[in-house]
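Asks: Have a look at this one before I ask anything.
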C-alpha cells in the first residue's frame, strides 16, 4: 500500500469527502489532497502532522506503512523536515478536459490513463499542462509557440493585458490558447500568427488561466 492509498483509506474510514478533509486541514486545496491520494506528491511538515493527528496514527505510518500506533512519539525526520520538492507532477489535459477543468479540479476524475509532467513548484496545485494544437500561436517573428509544445497554465494567476492565456468561448467545450489584449476597456484574444483573426470578447469567454511556462518534450 502506498502513502496515497493509506491516506485515501483513512479518509474513507472517517467518511470524509475531499472537501471535508480540506476544511479540517485548514483550507488546503482539493487538488492538493487529490495529488496525495494519486501519489503525485507527499504531505510534509504541518500537513503531515495534522493528517497523523486526524487519522489517529503516526507520520511514519502514513509515509511507510510502519509504526501504526498513535501513541508512538512522532520522531520521523520526514515529518519535521521542510519540503524538499523543487518540482511537482501536474496533468497534461486535452482541449476538452482543459475547458472543463475550472468546474472539476479533481485529478481522480481524469482516470488512470492521464499523462503527467513535471512542473516548477511555483505553479499552484490547480495548474495543468496543455499540448498546443494548430499554428495560431506560431509567429514568423518574435515569440512563437508552435504546435506540439507543452504550455503550463496556472488558474490562480490573474490575467493581465499582454499575458498569454487559455480561455473557453461560449458554445464550445474546448480551450483555446491566445494572447490577452485589453485596449480602451475592450478585451480581445489575439493569436501570435498574423494570418488568424483577433477575437473580441465581451462576457462570452471564460479565462481558464495564465500561461507561465512553455517547453518541448523530445
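Numbering (my numbering), first residue to last: 1 to 218. We treat Cβ as the ideally placed atom computed from N, Cα and C, and that holds for glycine.
Under 8 Å, do residue 47 and residue 18 count as touching if we go by C-beta distance?
Replies: Stepping through the chain shown from its first residue, residue 47 is reached at position 47. Stepping through the chain shown from its first residue, residue 18 is reached at position 18. Not closer than 8 Å, so no.
Asks: Please determine if the stretch 54-63 and the stretch 133-144 are in contact, where contact requires at least 3 C-beta pairs separated by less than 8 Å.
Replies: Taking 8 Å as the limit for Cβ pairs, the verdict is that the stretch 133-144 does not touch the stretch 54-63.
Asks: Would DSSP call residue 216 helix, strand or coil?
Replies: As a working note, residue 216 is residue 216 in the chain shown. Residue 216 falls in the coil class under three-state DSSP.
Asks: Applying the criterion that 16 or more other CB atoms from any shown protein chain within 10 Å of the CB defines a buried residue, is residue 97 buried or exposed?
Replies: Your numbering for residue 97 matches position 97 in the chain shown. Residue 97 is buried by the Cβ-count criterion.
Asks: Can you tell me where the alpha helix (DSSP H) holding residue 37 begins and where it ends?
Replies: Your numbering for residue 37 matches position 37 in the chain shown. Taken as a continuous stretch (DSSP letters only), the alpha helix (DSSP H) holding residue 37 covers 30-37.
Asks: Please classify residue 200: is it buried, with 16 or more other beta-carbons within 10 angstroms of its beta-carbon, or exposed?
Replies: Counted from its first residue, the chain shown places residue 200 at position 200. Label assigned to residue 200: exposed.
Asks: I need the DSSP call for residue 87, collapsed to helix, strand or coil.
Replies: Here residue 87 refers to the residue found at position 87 of the chain shown. Reduced to three states, the DSSP call for residue 87 is strand.
Asks: Looking at the structure shown, is residue 151 part of a helix, part of a strand, or coil, going by DSSP?
Replies: Looking up residue 151 in the chain shown gives position 151. Shown here, residue 151 sits in a strand according to DSSP, grouped into three states.
Asks: Would you call the CB atoms of residue 165 and residue 203 closer than 8 Å?
Replies: For the purposes of this step, residue 165 is taken as residue 165 along the chain shown, with counting starting at 1. For the purposes of this step, residue 203 is taken as residue 203 along the chain shown, with counting starting at 1. Not a contact, by the Cβ cut-off of 8 Å.
Asks: May I ask which residues mark the beginning and end of the beta strand (DSSP E) holding residue 40?
Replies: One-based indexing of the chain shown puts residue 40 at position 40. No beta strand (DSSP E) contains residue 40, which DSSP labels as neither H nor E.
Asks: Once you ignore the five residues that flank residue 36 on each side, which residues in its own chain have a CB closer than 8 Å to its CB?
Replies: Taking the first residue of the chain shown as position 1, residue 36 is located at position 36. So the qualifying residues of the chain are 3, 4, 7, 42, 43.
Asks: How many whole angstroms separate the CB atoms of residue 130 and residue 114, which I take to be in contact at a CB cut-off of 8 Å?
Replies: Taking the first residue of the chain shown as position 1, residue 130 is located at position 130. Taking the first residue of the chain shown as position 1, residue 114 is located at position 114. For a cut-off of 8 Å, the C-beta gap from residue 130 to residue 114 is around 13 Å, too long to register as a contact.
Asks: Using the Cα positions of residue 180 and residue 142, report the straight-line distance between them to the nearest angstrom.
Replies: Within the chain shown, the letter at position 180 stands for residue 180. Within the chain shown, the letter at position 142 stands for residue 142. Whole-angstrom Cα-Cα distance: 17 Å.
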